[in-house]
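Peer 1:
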Amino acid sequence: MFEGKEFDLADAFLSIYLVQLEISLKDSKELTEIKFQSEEANTDEFVKKFFQTYMQKYRTIDIDKYKSVVFDFFKPKQVFDIKDISQVKIIEVYIPEELPSEIVEKIVEEKESVYTNPDLMVVLSDGESKYYKSIELKSTKNNLIPGSSVQQVAPFEWVIFLKRNKSSTEIATGLYIESLASKLPFPDRSPRPIIGFNNLTDYNRDYRKIESGALVMSTDEEDLNDKLILINDWREFLADEWIEVITQTNTKTNEKWFNFVIRRFALKLLKYFASLDDSKRNQIIANLEKNTKT
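In this note's numbering, the protein residues as written are 8 to 301.
If you want it as structure tokens, here you go:
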């Protein structure tokens, strides 16, 4: 069970800011016109520059609609008054190649997951303290895509998610954890948990509410903890999934190729295990218990 997350004033600011960004860019021709492919640049370079420019132009929030922000994820809930939130503004927005080394060093010290340069690094201030918030940018033509490597995932990082087609681009924003689809494909490298645009829009519909002037962000606690287990104990998650694979009575159509390899390995292991005497079986169990400790 995940114990909690300490949100801060900058998170409260961004929760409102990103809702307003969604509204501002809904049905925006500018989003649809962003280039996603180029012979001379990374496919996401234009997206990063677009949102960098936007956030450097619009640095504050409209405070008239809200009285507070409530993060009702863990107990106790966290409440931020709009008077305090209104003191916050965006100071600077960096894309990876512009990120100063001193900011990188600071984030590396504080980050619990493996560090990679964020798509956007937003520097905010309330007049007294500075805050550094990274924002992930994701885009898809359908819904589900592989997300970040599981060791790099920061579950409560902010995300801007685009769903694009030829004639329009939809936008959803929120916390990265709420885009997670609770799927972890067998990897060829480090596992990349599946994320979905629809997961984030469904979450926003059901759990991002305005109640008595407060922007309230809550969650389905069981679902949230399942996702956090997937990220924080992904080895156990995959092991449990493989147990399901080898205990299925029948195979399914269009199964992943490695399901058959897992079954073949399990069959070999069980036959080999059955051929041993009790002493050797116990030794294998002891060795596995020792070598699976992380």
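C-beta: ideal position from N, C-alpha, C; glycine also.
What separation, rounded to the nearest whole angstrom, lies between the Cα atoms of I114 and L16?
Peer 2: Computed Cα separation, rounded: 18 angstroms.
Peer 1: Buried or exposed, going by whether 16 or more other CB atoms sit within 10 Å of the CB of Y73?
Peer 2: Buried.
Peer 1: Distance, Cα to Cα, L274 vs T258?
Peer 2: Each residue's Cα considered, the two are about 15 angstroms apart.
Peer 1: Rounding to the nearest angstrom, what Cα-Cα distance links V95 and D209 in this structure?
Peer 2: In a straight line, the C-alpha of V95 is about 29 angstroms away from that of D209.
Peer 1: Opposite R242 in the DSSP bridges: which residues?
Peer 2: R242 is not bridged to any residue.
Peer 1: Note the first and the last residue of the continuous alpha helix (DSSP H) segment covering Q94.
Peer 2: Where Q94 is concerned, there is no enclosing alpha helix (DSSP H), given that its DSSP letter is neither H nor E.
Peer 1: Counting only the same chain and skipping the five closest in sequence on each side, list residues whose C-beta sits under 6 angstroms from that of G11.
Peer 2: Once the five neighbours on either side are set aside, the close Cβ partners of G11 are F81.
Peer 1: Using beta-carbon positions only, say whether L151 and I201 come within less than 8 angstroms of one another.
Peer 2: Yes, the pair counts as a contact, with Cβ atoms nearer than the cut-off.
Peer 1: Between F58 and the rest of its own chain, which residues show a CB-CB distance below 7 angstroms, the 5 nearest in sequence each way excluded?
Peer 2: Here the set comprises L127, L144, I167.
Peer 1: Going by beta carbon distance, what residues of the same chain come within less than 8 angstroms of E46, once the five residues before and after it are set aside?
Peer 2: For E46, the pLDDT reaches just 46, beneath the cut-off of 50, and the residue's location in the model is therefore unreliable, leaving the point undetermined.
Peer 1: Would the stretch 229–240 and the stretch 212–221 be scored as touching if the rule is three or more Cβ pairs under 8 angstroms?
Peer 2: The stretch 229–240 is not in contact with the stretch 212–221.
Peer 1: Find the nearest neighbour of W165 within the set K148, S141, E177, judged by alpha-carbon distance.
Peer 2: W165 has its Cα closest to that of S141, out of K148, S141, E177.
Peer 1: Please classify F14 as buried or exposed, where buried requires at least 16 other C-beta atoms within 10 Å of its C-beta.
Peer 2: With 16 or more other Cβ atoms within 10 Å, it is buried.
Peer 1: Would L38 and T180 qualify as a contact pair, given that the criterion is a beta-carbon distance under 8 angstroms?
Peer 2: No. Outside cutoff.
Peer 1: Can you tell me whether Y279 is buried or exposed, with buried defined as 16 or more other CB within 10 angstroms of its CB?
Peer 2: Y279 should be labelled exposed.
Peer 1: In terms of residue numbering, what span does the beta strand (DSSP E) encompassing R288 cover?
Peer 2: Where R288 is concerned, there is no enclosing beta strand (DSSP E), although the alpha helix (DSSP H) it sits in stretches over 285–298.
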